[in-house]
Amino acid sequence: MFILLSLFYYFYFSIVGIYIIFLPKVLSGVGYDASEIGIIFAASPLVRFILPFLFMRGFTLNAKLFRASLVLIVLSALSFYFSLEHFYALLLSNIAMGVGMSLVLPYVETIALHTIGKERYGKSRLFGSLGFIIVALVLVKFLTSAYVALDFLLALTFITALVAFRLQHFASNLQTTQRHISTNDIDLVRDWQLWLGLILVQMSFGAFYNFFTIYETNHGISMDTTIYLWSFGVFIEIIMFFFQGKLLHYNLLNILRFTMLATVVRWFLVFAFASNTAVLFFAQSLHALSFALFHSAAISYLFVRYKNKALAQQFFSGITYGLGGLSGALLSGYIYEYYPKYLFLSSSLIAFGAFVFITLYQRSKRG
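Residue numbering for the sequence shown follows this note's numbering, beginning at 81 and increasing consecutively.
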């Protein structure tokens, strides 16, 4: 099971790598303007945000829907060939891809936590980071036309689907996800401090994901050094995923608070030392805490906090990375346009807000 999960993460996040790194450039190359590209790529986080609420209304993320989602991903990747030069058709293809990807990952995360546990989860999940960076290094050498990226995308979605089908076949004997589907105990209002804290963490990443390269090059850091900073962050992330197992035995809320404080420090260092390469590399080393350890601690806590474990992972994906990511992108865009100097200071303040709300949530649980 560990090998199948690792293969799934590798190929799944290879797809994400193509989607994030190369597709915007592909669309720009075939004539889409910035606003059209923005609309197309805003569809995916919106889908991630909306889907969990549908499952609160009676839908169930079961094996049948999981298999259907895999088919949808492959068909969506295939449809890009026919819709690439037609805006509305491409938007529909992208929405379909977003639906499939948003359903598949929470299902597999639940299987992973059930079968290999939080202690070994990181060692499996690190293959996703490897897939992300390897596809970037390989595809950049072959990207001679838009359709080369689509060829890679289709091939990787097909392989991902095959691995996931096999993974679900083995997991079905354990009935890992079906056990807890019937009971919905997720109450966003009751646990609003928890969920708001998780959202704010991802909101604070909006400046990093959307403007870090522009921000640093405008402060005199070369493009080559900026790429090294990105790569170093992924490398540190992989190391944390490998060694974090023992850390997850400690109080998960304390770990979340610690990672949020690390995120506060990280963004403040980028703000205060934007032209200092040594400090920037240190700030990037904190990616191990602010992303890798945060992610593992968050999904592990939600796994033990709620009975409907698959839905909890869907909400984490949808609300945290969907709503949080979208809000962070919009807010950071506004701040960078009008107050560029304070872009990462605002991120640091948002991350501190996350720390405050998680602290309040932890105290309410003790009370």
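Just so it is clear, CB atoms sit at the ideal spot from N, CA and C, and this is done for glycine as well.
CB-CB length for Ile455 against Met81, believed under 8 Å:
Nothing can be reported for residue 455, as the shown portion of the chain is limited to 81 through 447.
According to DSSP, is Tyr386 part of a helix, a strand, or is it coil?
Working through the sequence shown from its first residue, we reach residue 386 at position 306. Coil at Tyr386, not helix or strand.
Reduced DSSP secondary structure (H/G/I, E/B, other) of Ala354:
As a working mapping, residue 354 is identified with position 274 in the sequence shown. Three-state DSSP puts Ala354 in coil, outside helix and strand.
Selected residue, minimal CA-CA separation from Leu170, among Ile239, Val179 and Phe160
Position 90 of the sequence shown, counted from the start, is the residue given in the question as residue 170. Checking every option, the nearest Cα to that of Leu170 belongs to Phe160.
Could you tell me if Lys389 is buried or exposed, where buried requires 16 or more neighbouring beta carbons within 10 angstroms of its beta carbon?
For the purposes of this step, residue 389 is taken as the residue at position 309 of the sequence shown. The residue in question, Lys389, is buried, as its Cβ has 16 or more Cβ neighbours within 10 Å.
Span of the alpha helix (DSSP H), counted from its first residue to its last, around Pro104:
In the sequence shown, the residue the question calls residue 104 occupies position 24. Taken as a continuous stretch (DSSP letters only), the alpha helix (DSSP H) holding Pro104 covers Leu103 to Gly109.
Does the distance from the CB of Ala176 to the CB of Leu152 come in under 8 Å?
Start at 1 with the first residue of the sequence shown, and residue 176 comes out as number 96. Start at 1 with the first residue of the sequence shown, and residue 152 comes out as number 72. In this structure, Leu152 lies closer than 8 Å to Ala176 by Cβ.
I need the boundaries of the alpha helix (DSSP H) containing Asn298, first residue and last residue.
One-based indexing of the sequence shown puts residue 298 at position 218. That run of the alpha helix (DSSP H) goes Gly286 to Asn298.
Indicate whether Val106 and Phe238 have their beta-carbon atoms separated by less than 8 Å.
Working through the sequence shown from its first residue, we reach residue 106 at position 26. Working through the sequence shown from its first residue, we reach residue 238 at position 158. Taking 8 Å as the Cβ cut-off, Val106 and Phe238 do not qualify as a contacting pair.
If you follow the alpha helix (DSSP H) that Thr439 is in, where does it begin and where does it stop?
Translated into the one-based positions of the sequence shown, residue 439 becomes position 359. Counting along the chain, the unbroken alpha helix (DSSP H) around Thr439 starts and ends at Leu423 to Arg446.
Measure the beta-carbon distance from Leu336 to Val350 and round it to whole angstroms, keeping in mind my assumption that it falls under 8 Å.
Within the sequence shown, the letter at position 256 stands for residue 336. Within the sequence shown, the letter at position 270 stands for residue 350. That belief does not hold up - the Cβ atoms of Leu336 and Val350 are roughly 21 Å apart, past 8 Å.
Ser412 versus Phe424, Gly402 and Ser225, residue with shortest Cα-Cα distance:
Looking up residue 412 in the sequence shown gives position 332. Per the Cα distances, Phe424.
Indicate whether Phe432 and Val344 have their beta-carbon atoms separated by less than 8 Å.
For the purposes of this step, residue 432 is taken as residue 352 along the sequence shown, with counting starting at 1. For the purposes of this step, residue 344 is taken as residue 264 along the sequence shown, with counting starting at 1. It is a contact, given that the beta carbons lie within the stated cut-off.
Using the C-alpha atoms, what's the distance from Trp275 back to Phe348?
Counting from 1 along the sequence shown, the entry for residue 348 is found at position 268. Counting from 1 along the sequence shown, the entry for residue 275 is found at position 195. Between Phe348 and Trp275, the C-alpha separation is close to 23 Å.
Can the beta-carbon of Val281 be found closer than 8 Å to that of Met340?
Taking the first residue of the sequence shown as position 1, residue 281 is located at position 201. Taking the first residue of the sequence shown as position 1, residue 340 is located at position 260. Taking 8 Å as the Cβ cut-off, Val281 and Met340 qualify as a contacting pair.
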